[in-house]
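*Asks:* Under our numbering, read the sequence shown as residues 95 to 524, first letter to last.
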Amino acid sequence: MAQPLRAVAAEVLLAVEQGQSLSQCLPPALARLPGTDRPTLQALCYGSCRWFHRLDDELHSRLKRPLRPGDRVIHHLMLVALFQLRFSQQASYAVLNETVEACRALGKPHLTGLVNGVLRAAERQGAPTPNTDASRYSHPDWMVEKLRHNWPDDWSAILEANNAQAPMTLRVNARRFTRTEYLAQLAEAGIAASPTRFAPHGIQLEQPVPVDQLPWFADGAVSVQDEAAQLCTTLLDLAPGQRVLDACAAPGGKTCAILEACPELAEVVAIDEAAARLPRVEENLERLDLSATLHQADAGDLDQWWDGQAFDRILLDVPCSATGVIRRHPDIKLLRRESDILPLAGIQLGLLDTLWSILKPGGRLVYATCSVFPQENHRIIQRFCKQQGAAVLRAPDVAWGRDMGAGRQLLPDPTSHDGFFYAVLEKPDS
Ligand SMILES: C[S@@+](CC[C@H](N)C(=O)[O-])C[C@H]1O[C@@H](n2cnc3c(N)ncnc32)[C@H](O)[C@@H]1O
């Protein structure tokens with residue numbers, strides 16, 4: 095018999111607490127359940143991560159003492175139940191009964207009394223008023239403090255945007271349809287949508303839909319990609335005959351956007367060090383009928399992959415804290431540590447330094463992150479420009495984001511794009 099849904103959700107949450115991302119641990123968990131239960135499991139796991147810090151504070155206040163380490167999964171089971179009590183329409187008696195059932199199924203029948211008691215009290219007494227910003231906005235304390243420090247006027251709007259549901263945004267494959275043509279296809283299919291404000295090929299859907307309901311999706315008409323991520327092609331100044339490097343490419347969203355934006359490029363080389371993520375690049379290229387040269391390598395170790403020919407354009411979409419995309423990946427709140435940021439900044443500057451050396455004179459490098467921390471963004475660019483006196487920083491003439499002096503920052507917008515950072519650097523001709 096299949097395990098109860100809430101038991102599976104509790105195990106997923108435990109795996110996230112132990113360091114796995116939802117994109118790692120959720121797919122195998124979904125596969126264990128009948129198809130009809132899968133959307134609910136997904137909603138429980140995403141919602142419980144999104145509200146983890148607030149719910150965890152409440153649970154701590156309701157427990158006389160923490161559960162034994164071996165019973166930790168029951169702590170997560172109660173968080174999932176609290177998520178449902180506080181944020182779903184599910185009838186509370188069903189939440190209680192099914193959570194107690196799941197407690198048994200997890201092999202912890204001795205804890206059913208505790209679970210029942212805690213949840214009954216939670217139901218009767220209602221949600222406590224959060225007494226810290228970390229609890230109110232449901233983020234780790236360090237993130238709230240860092241955002242408050244970095245963005246004194248915007249920190250609470252950023253935290254609120256991180257808790258909002260992100261829209262589903264598409265990138266129309268310009269080789270197949272114009273945006274106007276594809277909007278008409280969507281209208282015919284009864285899918286309400288509008289053009290994005292800044293990305294020329296972007297379309298935002300009013301409601302998310304499964305991709306197989308999108309007209310011609312399997313044939314490569316569109317891809318799912320946030321508007322901010324789509325902006326990379328507008329900054330690269332692509333032209334026929336160029337050799338382009340996408341240095342941190344998986345799952346290939348930007349590689350494909352580049353190839354769609356300028357079909358006559360001489361070559362696009364796409365690199366990623368994560369072997370497990372490269373097949374996603376291949377799948378995307380195949381569906382869109384595009385081709386690129388792929389290498390599984392550390393982009394910063396040129397001996398592993400570089401053939402000695404310099405590039406006209408380089409997109410460096412570095413590994414980062416991903417704090418601009420928390421609304422799409424709420425597990426980041428649990429996975430990221432404050433101590434990650436300094437080593438990430440070291441990796442980012444190191445990659446920038448190395449890849450600069452293989453940019454042609456007259457060439458352009460676009461540095462990108464999906465972070466909202468200046469430490470990974472304009473401060474990296476400032477440090478780099480100080481070291482590389484010859485690098486010319488271009489201020490793109492665009493209507494989006496904020497000018498940070500050394501690059502542009504987009505903050506997550508609850509009505510449209512994710513948080514992102516871009517900087518454009520050019521190497522002088524001689
Ligand atoms: C922000 S994601 C890239 C997203 C991708 N550009 C897209 O638009 O679909 C960063 C990627 O960098 C890869 N990565 C991290 N360090 C790397 C390195 N030293 N060399 C190459 N890839 C690296 C990670 O595996 C991850 O896939």
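Idealized CB from N, CA, C, for every residue including glycine. Remember, predicted model here, so these are calculated numbers, not experimental data.
Is the CB-CB distance between Phe292 and Trp145 below 7 angstroms?
*Replies:* The residue given as residue 292 occupies position 198 in the sequence shown. The residue given as residue 145 occupies position 51 in the sequence shown. Not in contact: Phe292 and Trp145 (Cβ atoms no closer than 7 angstroms).
*Asks:* Using 6 angstroms as the cut-off, classify the Cβ of Pro345 as near or not near the heavy atoms of ligand 1, replying yes or no.
*Replies:* Mapped onto the sequence shown, residue 345 falls at position 251. For ligand 1, at least one heavy atom lies less than 6 angstroms from the Cβ of Pro345.
*Asks:* For Asp342, which of His389, Val518, Trp310 has the nearest alpha-carbon?
*Replies:* Against the sequence shown, residue 342 aligns to sequence position 248. Going by the sequence as given, residue 342 is Cys instead of Asp. For the residues His389, Val518, Trp310, the minimum Cα distance to Cys342 belongs to His389.
*Asks:* DSSP on Thr290, reduced to helix/strand/coil?
*Replies:* Against the sequence shown, residue 290 aligns to sequence position 196. Of the three classes helix, strand and coil, the one that applies to Thr290 here is coil, per DSSP.
*Asks:* Where are the alpha helix (DSSP H) runs, 4 residues long or more, that stay fully inside the region 251 to 315, in chain order?
*Replies:* Those alpha helix (DSSP H) runs which fall completely within the region 251 to 315 and span 4+ residues are 273 to 282.
*Asks:* Do three or more CB pairs link the region 134 to 148 to the region 172 to 191 at distances below 8 angstroms?
*Replies:* Yes: at least three Cβ pairs fall under 8 angstroms.
*Asks:* Give a yes or no on whether the minimum CB-CB distance between Pro128 and chain B is below 7 angstroms.
*Replies:* As a matter of chain content, chain B is missing from the structure shown, which is built from one protein chain.
*Asks:* For Ala312 and Val303, what's the separation of their Cα atoms in angstroms?
*Replies:* Within the sequence shown, residue 312 is the residue found at index 218, counting from 1. Within the sequence shown, residue 303 is the residue found at index 209, counting from 1. Ala312 and Val303: Cα-Cα distance of roughly 14 angstroms.
*Asks:* In the DSSP assignment, what are the bridge partners of Ala364?
*Replies:* For the purposes of this step, residue 364 is taken as the residue at position 270 of the sequence shown. Partner(s): Asp340, Leu388.
*Asks:* Restricting to Cα atoms, I'd like to know which of Ser415, Gly394, Trp399 is closest to Asp445.
*Replies:* Residue 445 sits at position 351 when you count from the first residue of the sequence shown. Rather than Asp, the amino acid found at residue 445 in this sequence is Leu. For Leu445, the nearest C-alpha among the options comes from Gly394.
*Asks:* Over what stretch of residues does the alpha helix (DSSP H) that includes Leu396 continue unbroken?
*Replies:* Within the sequence shown, numbered from 1, the residue matching residue 396 stands at position 302. Note, Leu396: premise wrong, no alpha helix (DSSP H); not H, not E.
*Asks:* Which residues in the same chain as Val102 place their Cβ atom closer than 7 angstroms to its Cβ, once the five residues preceding and following it in sequence are excluded?
*Replies:* Residue mapping note: residue 102 aligns to position 8 of the sequence shown, counting from 1. Around Val102: Ala123, Arg126, Leu127, Leu135.
*Asks:* By Cβ distance below 7 angstroms, which residues in the same chain neighbour Asp497 in space, the five residues on each side in sequence not counted?
*Replies:* The residue given as residue 497 occupies position 403 in the sequence shown. So the qualifying residues of the chain are Ala489.
*Asks:* Suppose you measure from the CA of Gln184 to the CA of Leu213; what does that come to, to the nearest Å?
*Replies:* Position 90 of the sequence shown, counting from 1, holds the residue named residue 184. Position 119 of the sequence shown, counting from 1, holds the residue named residue 213. Those two C-alpha atoms are separated by around 14 angstroms.
*Asks:* Considering only residues of the same chain and omitting the five flanking positions on each side of Leu330, which have a CB-CB separation below 6 angstroms?
*Replies:* Against the sequence shown, residue 330 aligns to sequence position 236. Arg407, Val460, listed in sequence order.
*Asks:* Among the candidates Leu161, Arg132, Leu410, Leu332, whose CA atom is the shortest distance from the CA of Pro121?
*Replies:* Position 27 of the sequence shown, counting from 1, holds the residue named residue 121. Nearest C-alpha to Pro121: Arg132.
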